[in-house]
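Below is one structure, written out as structure tokens; the observations come after it.
Numbering (the UniProt record's numbering), first residue to last: 1 to 703.
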């Protein structure tokens, strides 16, 4: 199949390339509209009990949460001072003129309730409500931007600090957009320099960068189209940039290297292109398919945040593979021997048959058991901190502590009572007439750990609402236990819905936990099937999954040690230590790391398999295969690490963690795992590496 594809591309090289360029430009032009349509939500399970309660409160009870919160600090003056009241009244009138604001409510306009006043009596709240839909994150973000720009700062001697969902949404969006530009401005030049070192020629070095950038543009189109039907997280842009550059360059690196290798063996341009597609093209296809099915596992989870990354991953991997296997060979066929134009390092053009990688492989295979023990010990030590991992959810603390929105959120948390968490909302549709039953249930709720007060029963037509006040922060393990205990109480009225911030967090965590076994099973099964089809072995797929699991554990251990324990800030930059990690972000890092590890596994196994099929022994196949692929694997890993390492410059902790985690994982995988563990285990298993039952062999590729 791949040989026929290569022949087709060679014959129609110009048409293929022109169509690819036109499609890329069109995709980039249309896809650029995605930037204004992404949101920072998506952390809730939309089919959960808490989501149903939230929808019921909004649609039936017309309950509205403030989109933004202003903290008005009067300095040394008491906030009840008439002069302060006059200034705040003028401020509220000015806020009311902002497009998108439906109304305001403040300490002053609400009759001076103590709940809206700071502990020291020097600050009070102004709640700003939006006229847009509660689920319209774009409108809320725009409102947050306006509120922060116009009112955050000094107002007639009062210090105003803007916080709340709309403001924080805008702050995160703004940070990510700026960080993305910075990351790209660092990654692209550095990547080109690294490619020059690998290929030693200007033209050859530009090819992978071309494929990577075109993959990013094309993926933006898919994301834009998805925003027309569903919510897509703004964080997906970072993944598209990272994987687009990283994988696009990785795959193109493999293709260009094989093409140059064939050329320098004396083959014609046409023969070299066809052989490249037949060998490296097949490897790229199956490598991409392996990463794709891994990223597809994110679609099993109920959170749109994770699904967004699944969409982004599938899109960018598809275009990276398409560009490397279809468009790049067409370009190579047109350029021919000009691929080596602009030579700056002659030694980089012709791959060596023997070298330090072959020597390393043979040295490792002479002492496989000590090498395996040493590598496992290192990975085990790195993985140990993962036992202390804790999970939470994204909030204002993902922003730098110096960010105005983060500072405002900190003021609210530290200077106001009862603001650590939002109330637990209990909704009973058609509850009127069941007051006695409800009161009995609420008496049991009152005895629950963390519950400090229960509001009065509120009636709306035939429906009932009760607010339960907790002393615990909403998005914590402790609040999760409270929600579980309340839902498990006996005599719960039929149809009762329990919502609020704590319930939302609980349902999102439960939703992830429920789907996690399915996602893991999907990854393990599909990946092992693909590697079996590619290699014809049932041993190699099992080893690959286990080794990648070890590499992943080591990466998560390092992330825990840094981002939960607060180490190495001098390396990754400052961030707020919260004692926990966002669950969705950890899942994302794990999936991306596992997928990329499989990518390099197939890069190496494909070359070892190719050598083994020529009749070489297992030992020689490993040595020569490592020699011929390790340089590219190492270069690919280094480039991918550089691309993701630029994300560490981000001011958003989740993005910083993604960048560090992926960069560490690929470097660890390309060195410790692929260069040492894989050769050692290949030596220990010997010819059994390639074993499969006879009846299964008909399902494998015919190399």
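C-beta atoms are modelled at their ideal positions from N, C-alpha and C, and glycine is treated no differently.
- Judged by beta-carbon spacing, residue 283 lies within the 8 Å limit of residue 606, meaning their Cβ atoms are closer than that value.
- Excluding residues up to 5 positions away in sequence, 3, 6, 7 and 10 lie with their Cβ nearer than 8 Å to the Cβ of residue 274 in the same chain.
- The segment 664 to 676 makes contact with the segment 627 to 638: 3 or more CB pairs, one atom from each, lie closer than 8 Å.
- Rounded to whole angstroms, residue 16 and residue 333 show a C-alpha spacing of 11 Å.
- A residue is called buried once 16 or more other Cβ atoms fall within 10 Å of its Cβ, and residue 381, having fewer, is exposed.
- Using a 10 angstroms sphere on the CB of residue 489, the tally of other CB atoms stays under 16, which defines it as exposed.
- For residue 698, the number of other beta carbons within 10 angstroms of its own is below 16, and it is reported as exposed.
- The DSSP-derived three-state label of residue 465 is strand.
- In this structure, residue 575 places its C-beta atom within 8 Å of the C-beta atom of residue 653.
- Uninterrupted beta strand (DSSP E) stretches at least 3 residues long and entirely within the segment 43 to 104 occur at 68 to 73, given in chain order.
- In this structure, the CA atom of residue 131 is about 23 Å from the CA atom of residue 72.
- Rounded to the nearest whole angstrom, the CA to CA distance from residue 538 to residue 514 is 29 Å.
- Taking residue 204 as reference, the option from 254, 245 and 214 with the minimal CA-CA separation is 254.
- Beta-carbon to beta-carbon, residue 90 and residue 128 are separated by about 15 Å, too far to satisfy the 8 Å threshold.
- When beta bridges are read from the DSSP output, residue 425 appears opposite 467 and 499.
- For the segment 145 to 185, not one full-length alpha helix (DSSP H) segment reaches 4 residues or more.
- In the three-state reduction of the DSSP assignment, residue 129 falls in the strand class, which pools E and B.
- In the three-state DSSP reduction, residue 434 falls in the coil class, being neither helix nor strand.
- With a 10 Å radius around the Cβ and a threshold of 16 neighbouring Cβ atoms, residue 495 comes out exposed.
- Taking 8 Å as the cut-off, the beta carbon of residue 559 is found no closer than this to the beta carbon of residue 682.
- Residue 339 and residue 199 have their C-alpha atoms spaced approximately 10 Å apart.
- In this structure, the CA atom of residue 628 is about 12 Å from the CA atom of residue 361.
- Contact annotation: residue 649 and residue 397 have beta-carbon atoms that are not nearer than 8 Å.
- The three-state secondary structure of residue 220, taken from DSSP, is helix.
- Residue 548 counts as buried, since no fewer than 16 other beta carbons sit within 10 angstroms of its beta carbon.
- Between residue 530 and the set 287, 402 and 240, the nearest pair of CA atoms involves 287.
- Residue 239 is a Cβ neighbour of residue 313, given a cutoff of 8 Å.
- Annotation: residue 292 to residue 242 spans about 15 Å, alpha carbon to alpha carbon.
- DSSP places residue 460 in the uninterrupted beta strand (DSSP E) bounded by 458 to 460.
- DSSP places residue 453 in the uninterrupted beta strand (DSSP E) bounded by 451 to 454.
- Cβ neighbours of residue 422 within its own chain (closer than 8 Å, five residues either side excluded): 474, 500, 501 and 502.
- Within the same chain, 129 come within 7 Å of residue 103 by CB-CB distance, once the 5 residues on both sides are set aside.
- When C-beta atoms of the segment 504 to 523 are compared with those of the segment 480 to 488, three or more pairs fall below 8 Å, so the two segments count as touching.
- The segment 142 to 153 makes contact with the segment 170 to 186; the number of CB pairs closer than 8 Å reaches 3 or more.
- Assignment of residue 303 by DSSP, reduced to helix, strand and coil, places it in the strand class.
- If the five residues before and after residue 612 are omitted, its C-beta is found closer than 6 Å to the C-beta atoms of 621, all from its own chain and listed in chain order.
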